[in-house]
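Below: one structure, written as structure tokens.
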Amino acid sequence: MDSGTADGGASLGIERLRILRELADRGTVAEVSRALSMTPSAVSQQLKVLAREAGVPLLEPDGRRVRLTDAGRALVVRADDVLAAMERAVAEMALYRRSPRGQVRVALFPSGAALLLPRVLAALADSGVEVFARDEDVPPTGVPRLLADYDVVLTHRDERAPSVAGPRVDTRVLMREPIDVVVPPGHRLAGQGAVVPAELADETWLSVRGGFPVDDVLRSIATVTGVQPRIAQRLNDFLVIEELVASGYGVALMPRFSVRHPELAVLRLAGVRAARLYELVTRPHAENRPAIATVLDAFHTAATTVTAPADRRTTR
Numbered sequence: 001m002d003s004g005t006a007d008g009g010a011s012l013g014i015e016r017l018r019i020l021r022e023l024a025d026r027g028t029v030a031e032v033s034r035a036l037s038m039t040p041s042a043v044s045q046q047l048k049v050l051a052r053e054a055g056v057p058l059l060e061p062d063g064r065r066v067r068l069t070d071a072g073r074a075l076v077v078r079a080d081d082v083l084a085a086m087e088r089a090v091a092e093m094a095l096y097r098r099s100p101r102g103q104v105r106v107a108l109f110p111s112g113a114a115l116l117l118p119r120v121l122a123a124l125a126d127s128g129v130e131v132f133a134r135d136e137d138v139p140p141t142g143v144p145r146l147l148a149d150y151d152v153v154l155t156h157r158d159e160r161a162p163s164v165a166g167p168r169v170d171t172r173v174l175m176r177e178p179i180d181v182v183v184p185p186g187h188r189l190a191g192q193g194a195v196v197p198a199e200l201a202d203e204t205w206l207s208v209r210g211g212f213p214v215d216d217v218l219r220s221i222a223t224v225t226g227v228q229p230r231i232a233q234r235l236n237d238f239l240v241i242e243e244l245v246a247s248g249y250g251v252a253l254m255p256r257f258s259v260r261h262p263e264l265a266v267l268r269l270a271g272v273r274a275a276r277l278y279e280l281v282t283r284p285h286a287e288n289r290p291a292i293a294t295v296l297d298a299f300h301t302a303a304t305t306v307t308a309p310a311d312r313r314t315t316r
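Reminder that position 92 of the sequence shown reads as 92 in full-length UniProt numbering, one-by-one numbering, no gaps.
Structure (structure tokens):
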């Protein structure tokens, strides 16, 4: 086991740095032990060794738990650099083999997965890169924590909302998707190509849970009209929302490329900035791994095929 002192130039163990980063990401020793298949006592012991190697306290009591000290938080940022350097070394070896290979863990919000994942997988079919994909539907504030388990996270946010980028989080805007109003057949507005917020003041709404882009736009409509929207149901499955709208239970805001129901009337929303941005979120320098860079490129290609004809589309 490598060790050192503050005076002699500590040799900080790579795996112990990884454990420290896991604690920063997951919050508790118990969660780290589950993620790394270690016992809690083994995790605690390795963190104590790391503190001796660093020569400064890295953890302090926080009730019945522990939290990072200022030094601990600073070391986590450096741990990201060290672990990224190790990944770059592995990536360089992959370049010598002339082909990116390996598994890339990807999290996607469900409607984004439905739109882009088939195209991404098709683009990667002969690349030697295997994507392990999983749907994760969290508001933007929850996205950084997903990087504890995933290499790439596809997320979405209201175009006016801030990015989640930070010292340990890189983001890339992938595409912009307008948000439209969908109404049932026979609705008084169904024949219009566009609608202004004032025309929607008395509607019953079917919306998503708070904190997601569609709900942000609905709150903007409330600001413009001065009328608090009457929300009958909050559901995060757009297929369910479409069926309820088609059955006459209300109107809804829907991302343009997610509308599938053939009977719904889709109306452009005028007078309000109404769109969501798709973003790819990674650790800094993640693209230095050829496999991850290949996946990021596949997402950009998929987004281009979706948005290229967008300007030529007309609402139904």
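Even for Gly, the Cβ is constructed at its ideal location relative to N, Cα and C.
Predicted model, so just to flag it, every value in this text is computed and none were measured.
Review point. Touch check for the segment 232-249 and the segment 289-307: three-plus C-beta pairs under 8 Å?
Key: no
Practice item. Locate the alpha helix (DSSP H) running through Arg-34, then write down its first and last residues. Key: Walking along the sequence shown from the start, residue 34 turns up at place 34. Run containing Arg-34: 29-36, per the alpha helix (DSSP H) assignment.
Point to revise | DSSP beta-bridge partners of Met-254 | key: Here the question's residue 254 lines up with position 254 in the sequence shown. Answer is Asp-180, bridged to Met-254.
Point to revise | Pair within 8 Å by beta-carbon distance, Pro-57 and Thr-69 | key: As a first step, residue 57 must be located in the sequence shown, where it is residue number 57. As a first step, residue 69 must be located in the sequence shown, where it is residue number 69. It is a contact, given that the beta carbons lie within the stated cut-off.
Check your understanding: Are the segment 146-164 and the segment 100-113 touching by the rule of at least three beta carbon pairs closer than 8 Å?
Key -> yes
Check your understanding: Of all the alpha helix (DSSP H) runs that stay within the bounds of the segment 103-165, which reach a length of 4 or more residues?
Key -> 110-123, 143-146
Review point. Taking Phe-212 as the reference, which of Ala-161, Ala-303, Leu-189, Thr-225 has the closest Cα?
Key: Sequence index remark: in the sequence shown, residue 212 carries index 212 (1-based). It is Ala-161 whose Cα lies nearest to the Cα of Phe-212.
Point to revise | Distance between Leu-47 and Thr-5 (C-alpha atoms, nearest Å) | key: Working through the sequence shown from its first residue, we reach residue 5 at position 5. Working through the sequence shown from its first residue, we reach residue 47 at position 47. Unreliable positioning characterises Thr-5 in this predicted model, as indicated by a pLDDT of 40, which lies under 50. The coordinate reading is nonetheless provided below. Thr-5 and Leu-47: Cα-Cα distance of roughly 15 Å.
Check your understanding: With burial defined as no fewer than 16 other Cβ atoms inside 10 Å of the residue's Cβ, what is the status of Met-93: buried or exposed?
Key -> Position 93 of the sequence shown holds residue 93. Under this definition Met-93 is an exposed residue.
Point to revise | 6 Å Cβ shell around His-261 - same chain, five flanking residues per side excluded | key: Your numbering for residue 261 matches position 261 in the sequence shown. Taken in chain order, the residues that qualify are Glu-242, Ala-246.
Check your understanding: If you draw a straight line from the C-alpha of Asp-2 to the C-alpha of Glu-15, how long is it?
Key -> Translated into the one-based positions of the sequence shown, residue 2 becomes position 2. Translated into the one-based positions of the sequence shown, residue 15 becomes position 15. Interpretation of Asp-2 is limited by its pLDDT of 43, a score under 50 that renders its predicted location unreliable; no figure is taken from the coordinates.
Practice item. Look at the Cβ atom of Ala-270, then the Cβ atom of His-187, and state whether they are nearer than 8 Å. Key: Numbered from its first residue, the sequence shown carries residue 270 at position 270. Numbered from its first residue, the sequence shown carries residue 187 at position 187. Against a cut-off of 8 Å, the Cβ pair of His-187 and Ala-270 comes out as no contact.
Review point. DSSP state of Gln-233, grouped into three classes?
Key: One-based indexing of the sequence shown puts residue 233 at position 233. Gln-233 falls in the strand class under three-state DSSP.
Check your understanding: In whole angstroms, what is the alpha-carbon distance linking Ala-10 and Glu-279?
Key -> Walking along the sequence shown from the start, residue 10 turns up at place 10. Walking along the sequence shown from the start, residue 279 turns up at place 279. The predicted model places Ala-10 with a pLDDT of 43, which falls under 50 and marks its position as unreliable, so this point remains unresolved.
Check your understanding: Do the CB positions of Arg-168 and Val-77 come within less than 8 Å of each other?
Key -> Translated into positions along the sequence shown, residue 168 becomes position 168. Translated into positions along the sequence shown, residue 77 becomes position 77. In this structure, Val-77 lies closer than 8 Å to Arg-168 by Cβ.
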